[in-house]
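Colleague: Let me give you the structure first, and then I'll get to my questions.
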Amino acid sequence: MGQLFAVEIIYRGVFQKTLAKNITRGIVLAAHFEGKPGISFGRYGDSPERNGIPAKSFAIVASDDLTLEAGMAQYEPKKVDLIVVLDDTLCKGTESWAWYGLQPVHHALKPGSTLIVDSLQEPVQLLEEIQRRDTPYKLGIVKGVASFSGMWVYKDDHTDVRILGAIAKALPELVSLQSVEKFINAKLKNPLKASSARAAFERFSTVDVEPGTGNPEEPFHFKLPKWQDMRKGVSVEGQPQGAPIADPVTGQKGGFRPVRNELFRKYSTRTMRPLINFSTCTKCTLCWLNCPDAAFDVAADGTYDPNLEACCGCGICEAVCPVSNCITMVNESEFTDNHSQWVQFRTNKEAYLALLERKAQPVADRSHGFRFRGQYQQQVPAVLEAVKKG
Amino acid sequence: MATLAVPVEEKKKAEEQEALITGAEAIAVACKLANVDVVTAYPIRPYDTVMQYISQLVADGEMDCEYIVAEGEHSQFEIVKHASVCGARVFCGSSGVGWMYAMEALTVTPALRVPLVAMVGNRALDDPGAFGVEHNDALAVRDLGWLLNWVDSAQEALDTALIAYRVAEDPRMFVPCAISCDGAFLTHSQALVKIPSAGQVNQFLPRYNRGKLLLHPDNVVSIAPQVNEDWVMEIRRQNYQVTEQAIGVIREVYADFERIFGRKYGNPFFEEFMTEDAEVVLLGMGTLSTSVKVAIRKLREQGVKAGFVRLRWFRPFDGPDVAKCLDRFKAIGVIDRDFSFGSPDLSGVLATEVRSAMYTNAKNRPPVLGFICGLGGREVTVPDVEKMTNIVFHAAKGDAQPLTQWIGLRE
Amino acid sequence: MSHTLVDEKPTQLLEPFKGVKKVPYHEYYTSGHRTCQGCESAQIMKLMAKAAGPRTIVLGSTGCMYVANTSYYATPWGVPWMHTQLGSSGSAALGAAAAFRAQMRKGEMKDEPINVIAFCGDGGGADMGLAAISATLTHPDYNLLILMYDNESYANTDIQISGTSPYGVNTSFSTPGKVKRIMHHRWKKNVAPLMIAGHPTVKYVGTISTSYPLQAMNAVRKALSIGGPTFIHCLNPCPKGWDFDPEFAYELGQLAVNTGIWPLYEVVNGVLKLYGKTEQIANGRFKRLPVRDYLLKQGRFAHFTDEDIEFFQSKVDEMWEQWLVPGVIPLRHELRAASEI
């Protein structure tokens, strides 16, 4: 039995679909320059991908065809030798389209292997979000803003080749930098991208993460019933109706919180969350009315509180809110919990407004998806410049 | 050509009337007696005479149901599927390529545990278009969870339709049941049929109650969510439980039928004709039984010890009992009024199923020959049956015989 | 249509919501569905269920609103819901309505008006299920609503062209290539007028947009109350398939109307009434925005040349300048010069 390597890419559905595929195909094609056979596939349960919902794609490479077979005909490899997370807000855990409850990003990572994250943050900050585990692993950062595109127009900001460079550094037995460069020059015919890969290779380093280090939160999960215990006729209980909410200070009841589907909470879909200024809200209903995910609870005082287990971060509320800066979409990494903003506002108004002030800075560019023709041509040079400075 | 197959024993019932009606019309009468709620019709020969009869019953006020003429068989079967999930007792039917046009609906109905009684007026599949009987249409759903039976008389068609409602709507089942009537010979020839009273039927047929699976505002439920590989094995296994219990349920229902209506069908799954001392037997389904019985009586007069087994229920296929019955004979000839291109030994569907049942359950394992006969409506004649019986006797004596032979073919 | 032969059954009398503040809190299509960020098809499901209320059953044909919503043994539905096949929304509604009618007449079920709604996507409604919907719309004696959410593609299978996809659009069945830039030459099917013209006894056919949420809900309530079979066509911006930042889903819906591409109207007992910006376009109080403002905000048109945009603009201009009933009925009136219309 020869050597078998599995690489897992965790990414934002649709926004990073092409990027993830470029990476897994790049790994297989580059490794092939060293005579190694391999396969690249997306996790079947993730398709059809949905905007923002976490998805996975894989590259399996072996020393020979026979060994490769051991890595085939599975939806995902049980254990992987390297994981790449293409957006750091995924580090809180992923509840994917294929529904397994919340899964830590290192779920399938072999002990001692490397977890690579595309991020501007430092490892210590990421370890506040990544759930702890009882075996050691290595954590490495590829400096960069998460690279988002859409279904049809691809933003080629060299993220794919920089990840390949980091992979060659983290797991040389899988593929060498030389093979990565041969692949880029032969297949992508883009020497600039080859130099980006080399730069990432040279700059990449990892820190050792000891067992027990990380976010102590126990991610929610579900036990699937046996066939004898399942309801007959492929039927499922519908959702009951919700109820008014109690004001944390006065105890007075009002508003409405709908009952929500417990088996898919969807909050790991967010890259941004709406931050609400309840004091400027005019209770016009438009955020609540136009939210496709019914994520807003109607608070006891008639304002609207986004339930941060249901909100998937689309940003429509910010777009339709008539009051400027009443709703601001803020980077999800700024927060470590899903507690109610309205409860914080009601129990300690000053502290909440101070937090609002700090967090609700308009970030230079938070586009997640295509906004206008020519947008990517404008964004890419700035990204390459920022990366070069490192 | 009247069919005179009279069930084994029969007690006279005072209030029963009698009518001269076809097999299709007999099923329409059963629907009326069963107080069916929703019927969907669409024209295609030869089944649709059942719908013409129902239309008249509705117009005459003898039948109180929603009578909907759909714009195609796919819609026909989808409408009744949804009506059944909403609690209605429903009836539908088709033939040949019409039945095939509804195939998507035919697959989801058993999967979702939706009871539905449907008539299949067996008809050759296109192309070319042909009106004559062939069994491939009904057989096409044999793996999908449908209960499938073949009747060979208008009386049996009426009785089996009532039985089908009782079986299909049993909560242990909740699956669709198709009653196959051979095109022309059963769908289009009128025979004298005893019509049971409404009182008897009400005693026999409880009201259809969908319980927790009913789609109604008082029962907030979601039915048939999309599932992935975490769920399908378990769902299929639940539906397999139906096939495990079906044979028991059908026996119970036939016993109840006899108690209430007085007509005794004996073993629900197959009828044995002159098999007590037979050396060889023929096996087949549907109205070819009449020619076979005539031929067997003639052969018996010449001292030829042949018998006939008429299979009623093709699904569930009572493999052990069929094998136990057939294992007593020196050789068996299975008559397939269907084709199965590329099947083992190029035999018809029925022959392949019988051989499979014999392989696992029979000890003596007599040779099982396959005959392709009566396709596209061609008559299965008495000489054809004599020829087949003769071939089977040769096999019984050990002469090598081709495993599949086409009978009644110009060659 | 009160001809004696058709004994119409009473419906629930659902008054229109008199303003966004009057919209009830209850959710009958709640959170926890696997739709894309900013999915306006999910938005119309929420509005539709909220408008219909608890005495409702919903039948959903295959499409995003099936697969994404009720995946893996879970559900966001707070009213009874059942899946139906891709081309069966017409039959599903008819079967359910017939079942209730028969059982209520026979005293086997409490006699009350139950809303029966079948939804379908554009693939399910305008393509595969069109025959069944058309047949269902000819049955005067069943109260039901068929709502078609139109994201202009077979979105659930990763975006392929459907009968309502716009001219020239990029989908995985019509990707621009080195030799052929435009693979999809068909113009979008004019579905609502097809239902209006084809089924004269239907009492309500309307088009709605999720960027007009209040009118969308009131259209559903009017269709359910008016009785008989009714049809609503909703345009639903699809962030994935149209390839735009989900934050602008609402704005894209408005732009579709403001450019005259998506006309808003309803036909109530045969009387046509335009509403929203469409009405203002028709009576000259609002000048249609150029289609370029709409097209180039979407990645699915990123491959368009000026020539493609001009062609698209010319076809939309035709709708408003040459159609006998602007935006609705594509019959040209030869005698009258364009200016007279």
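Protein chains in written order, with my numbering: chain A, 1 to 390; chain B, 391 to 801; chain C, 802 to 1142. Just so you know, even glycine gets a beta-carbon here, dropped at the ideal spot from N, CA and C. Computed from a prediction, not measured in an experiment: that's the story for all the values here.
List the endpoints of the continuous beta strand (DSSP E) containing residue 900 (chain C).
Modeller: Element bounds for residue 900 (chain C): not the beta strand (DSSP E) but the alpha helix (DSSP H), 890-906.
Colleague: Over the uninterrupted alpha helix (DSSP H) stretch that includes residue 751 (chain B), give me the two end residues.
Modeller: It spans 739-751 - the alpha helix (DSSP H) in which residue 751 (chain B) sits, taken as one unbroken run.
Colleague: Give a yes or no on whether 7 Å exceeds the smallest Cβ distance from residue 810 (chain C) to chain A.
Modeller: no
Colleague: CB-CB under 7 Å to residue 720 (chain B), same chain, minus the five flanking residues each way: which ones, in chain order?
Modeller: 669, 670, 756, 786
Colleague: Count the other CB atoms within 10 Å of the CB of residue 748 (chain B); is the residue buried (16 or more) or exposed (fewer)?
Modeller: Buried is the call here.
Colleague: Where residue 952 (chain C) and residue 538 (chain B) are concerned, what is the direct C-alpha to C-alpha distance, given to the nearest angstrom?
Modeller: One C-alpha to the other measures close to 42 Å.
Colleague: Once you ignore the five residues that flank residue 996 (chain C) on each side, which residues in its own chain have a CB closer than 7 Å to its CB?
Modeller: 938, 1003, 1006, 1032
Colleague: For a test of the three-state rule: what should DSSP assign to residue 261 (chain A), helix, strand or coil?
Modeller: coil
Colleague: Using a C-beta cutoff of 7 Å, does residue 624 (chain B) count as contacting chain A?
Modeller: yes
Colleague: Helix, strand or coil for residue 203 (chain A) per DSSP?
Modeller: helix
Colleague: Got a sec: is the Cβ-Cβ distance from residue 230 (chain A) to anything in chain B below 7 Å?
Modeller: yes
Colleague: Mind checking residue 630 (chain B): buried by the 16 CB within 10 Å criterion, or exposed?
Modeller: exposed
Colleague: Can a CB atom of chain B be found closer than 7 Å to the CB of residue 288 (chain A)?
Modeller: no
Colleague: If distances are taken between C-alpha atoms only, which option among A:120, A:128, A:25 comes closest to residue 217 (chain A)?
Modeller: Of A:120, A:128, A:25, the residue nearest in Cα terms is A:128.
Colleague: Are the beta-carbon atoms belonging to residue 856 (chain C) and residue 607 (chain B) less than 7 Å from one another?
Modeller: yes
Colleague: Is residue 700 (chain B) helix, strand or coil when you go by DSSP?
Modeller: strand
Colleague: Give me the Cβ distance between residue 168 (chain A) and residue 175 (chain A), rounded to the nearest whole Å; I'm assuming they're in contact under 8 Å.
Modeller: 6 Å
Colleague: Can you pull out the residues from the segment 863-879 of chain C whose beta carbon lies closer than 7 Å to at least one beta carbon of chain A?
Modeller: So the close ones are 869, 872, 873, 874, 875, 876, 877, 878, 879.
Colleague: Chain B partners of residue 45 (chain A), CB-CB under 8 Å?
Modeller: 618, 619
Colleague: Please state whether DSSP places residue 847 (chain C) in a helix, a strand or coil.
Modeller: In this structure, residue 847 (chain C) counts as helix in the three-state DSSP scheme.
Colleague: For residue 256 (chain A), which beta-bridge partners are listed by DSSP?
Modeller: A:298
Colleague: Mind checking residue 79 (chain A): buried by the 16 CB within 10 Å criterion, or exposed?
Modeller: exposed
Colleague: Using alpha carbons as the reference points, say which of C:998, C:1070, C:931 lies closest to residue 1024 (chain C).
Modeller: C:1070
Colleague: Give the residues from the segment 895-910 of chain C that approach chain B closer than 8 Å (Cβ to any Cβ), ordered along the chain.
Modeller: 895, 896, 897, 899, 900, 901, 902, 903, 904, 906, 907, 909, 910
Colleague: Can you find a heavy atom of the ligand MN that lies under 6 Å from the Cβ of residue 728 (chain B)?
Modeller: As for the ligand MN, it is missing from this structure, which has no ligand bound.
Colleague: Any Cβ of chain B within less than 7 Å of the Cβ of residue 892 (chain C)?
Modeller: yes
Colleague: Have a look at residue 368 (chain A) and residue 137 (chain A) and give me their C-alpha separation to the nearest angstrom.
Modeller: 31 Å
Colleague: Using a beta-carbon distance below 7 Å, is residue 434 (chain B) in contact with chain C?
Modeller: no
Colleague: Count the other C-beta atoms from every protein chain shown that fall within 10 angstroms of the C-beta of residue 1084 (chain C), then say buried if there are 16 or more, exposed otherwise.
Modeller: Residue environment analysis places residue 1084 (chain C) among the exposed positions, since fewer than 16 neighbouring C-beta atoms fall within 10 angstroms of its C-beta.
Colleague: Going by C-alpha distance, which of C:963, C:1102, C:998 is nearest residue 929 (chain C)?
Modeller: C:963
Colleague: Hey, out of B:521, B:705, B:582, whose CA is closest to residue 633 (chain B)'s CA?
Modeller: B:705
Colleague: Just list the beta strand (DSSP E) runs in the segment 109-180 of chain A, keeping only unbroken ones of 3 residues or longer that don't cross its boundaries, in chain order.
Modeller: 109-119, 137-143
Colleague: Against chain B, which members of the segment 924-935 of chain C pass a CB distance test of less than 8 Å?
Modeller: 932, 933, 935
Colleague: Assess, as a yes-or-no matter, whether the segment 298-318 of chain A is touched by the segment 828-841 of chain C under the definition of 3 or more beta carbon pairs within less than 8 Å.
Modeller: Three or more Cβ pairs drawn from the segment 828-841 of chain C and the segment 298-318 of chain A lie within less than 8 Å of each other, which places the two stretches in contact.
Colleague: If you draw a straight line from the alpha carbon of residue 23 (chain A) to that of residue 957 (chain C), how long is it in whole angstroms?
Modeller: 25 Å
Colleague: Three-state secondary structure (DSSP) at residue 802 (chain B)?
Modeller: For chain B, the structure presents residues 391 to 801; residue 802 (chain B) sits outside this window and is missing.
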